[in-house]
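J.:
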Amino acid sequence: MTQVDFRTKVGNTVFGVRATALIVQNNQLLVTKDKGKYYTIGGAIQANERTEEAVVREVREELGVKAEAGRLAFVVENRFEQDGVSYHNIEFHYLVDLLEDAPLTMQEDEKMQPCEWIDLDKLQGINLVPAFLKTALPDWDGQLIHIHLEE
Numbered sequence: 208m209t210q211v212d213f214r215t216k217v218g219n220t221v222f223g224v225r226a227t228a229l230i231v232q233n234n235q236l237l238v239t240k241d242k243g244k245y246y247t248i249g250g251a252i253q254a255n256e257r258t259e260e261a262v263v264r265e266v267r268e269e270l271g272v273k274a275e276a277g278r279l280a281f282v283v284e285n286r287f288e289q290d291g292v293s294y295h296n297i298e299f300h301y302l303v304d305l306l307e308d309a310p311l312t313m314q315e316d317e318k319m320q321p322c323e324w325i326d327l328d329k330l331q332g333i334n335l336v337p338a339f340l341k342t343a344l345p346d347w348d349g350q351l352i353h354i355h356l357e358e
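Quick note: the sequence shown uses this note's numbering, first residue 208, plus one each step.
#1: Using the Cα positions of Thr239 and Asp326, report the straight-line distance between them to the nearest angstrom.
#2: Leaving out the 5 sequence neighbours to the left and right, which residues in its chain are closer than 6 angstroms to Leu330 when beta-carbon positions are compared?
#3: Tell me, which residues are paired with Lys273 by DSSP?
#4: Note down the Cα distance separating Ile354 from Ile333, rounded to an integer number of angstroms.
#5: To which residues of the same chain is Met208 closer than 7 angstroms at the C-beta, ignoring the five residues directly before and after it?
#6: In the DSSP assignment, find the alpha helix (DSSP H) that holds Lys341 and state where it starts and stops.
#7: Kindly list the residues whose CB is nearer than 7 angstroms to the CB of Thr258, restricted to its own chain and excluding five residues on each side of it in sequence; keep chain order.
#8: On the DSSP bridge assignment, give the partners of Thr312 in chain order.
#9: Drop a sphere of 10 angstroms on the beta-carbon of Asn233, count the other beta-carbons inside from all chains shown, and report buried for 16 or more, exposed for fewer.
#10: Could you say which of Ile230, Val217 and Gly218 lies nearest to Glu307 if we only look at CA atoms?
#11: With 16 other CB atoms within 10 Å as the buried threshold, where does Gly249 fall?
#12: If Val221 and Val292 are in contact, beta carbons under 8 angstroms, what's the gap, nearest whole angstrom?
#13: If you follow the beta strand (DSSP E) that Asn255 is part of, which residue opens it and which one closes it?
#14: Which two residues bound the contiguous beta strand (DSSP E) that contains Leu306?
#15: Does DSSP classify Asn219 as helix, strand or coil?
#16: How many angstroms separate the CA atom of Val217 from the CA atom of Ala280?
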């Protein structure tokens, strides 16, 4: 049975629920790069899927490695516009432990994208999406933080 992503479109707004992996090792964050922007690994949860399961599945699908979901660091209500479409995402950002070495490429559908380890103290110098991670992740004190983002 094909799984359905947990998102819907009403008018010109796409509403979705996402799970994102914050893969941090040796004070570095694993990100992927596409069109001059850096992104964490993650994607839409599927109907009837727990967010912890979704983040592990996304790591397996995109990086091809096993992982364990750790602590939930951020819950983000993210509203933005991209290519003329409005988005309203609820995002769950988990610290994730890799159980295997991470590759330096990521598979996104049919497209291969490079991955890089970026020092947490150098996040300010890159075009990271979502941008709140540039300051929130290096300063994170271990407590769950609820963030509202709006363009």
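The C-beta atom is built at its ideal place from N, Cα and C for all residues, glycine as well.
T.: Reading it off the structure:
#1: 14 angstroms
#2: Lys341
#3: For Lys273, which the question treats as bridged, DSSP gives no partner whatsoever.
#4: 21 angstroms
#5: Reliability fails at Met208, whose pLDDT of 48 lies under 50, so the model's placement of it is uncertain and the value that follows must be treated cautiously. Counting only Cβ-Cβ distances below 7 angstroms, and skipping sequence neighbours, we find nothing.
#6: Leu340 to Ala343
#7: Ala226, Ile252 and Phe299
#8: Pro321
#9: Counting the other Cβ atoms within 10 Å of the Cβ of Asn233 gives fewer than 16, which makes it exposed.
#10: Ile230
#11: Of the residues assessed, Gly249 falls on the buried side of the cut-off, its CB having 16 or more other CB atoms within 10 angstroms.
#12: 6 angstroms
#13: No beta strand (DSSP E) holds Asn255; DSSP gives it neither H nor E.
#14: No beta strand (DSSP E) contains Leu306, which DSSP labels as neither H nor E.
#15: coil
#16: 29 angstroms
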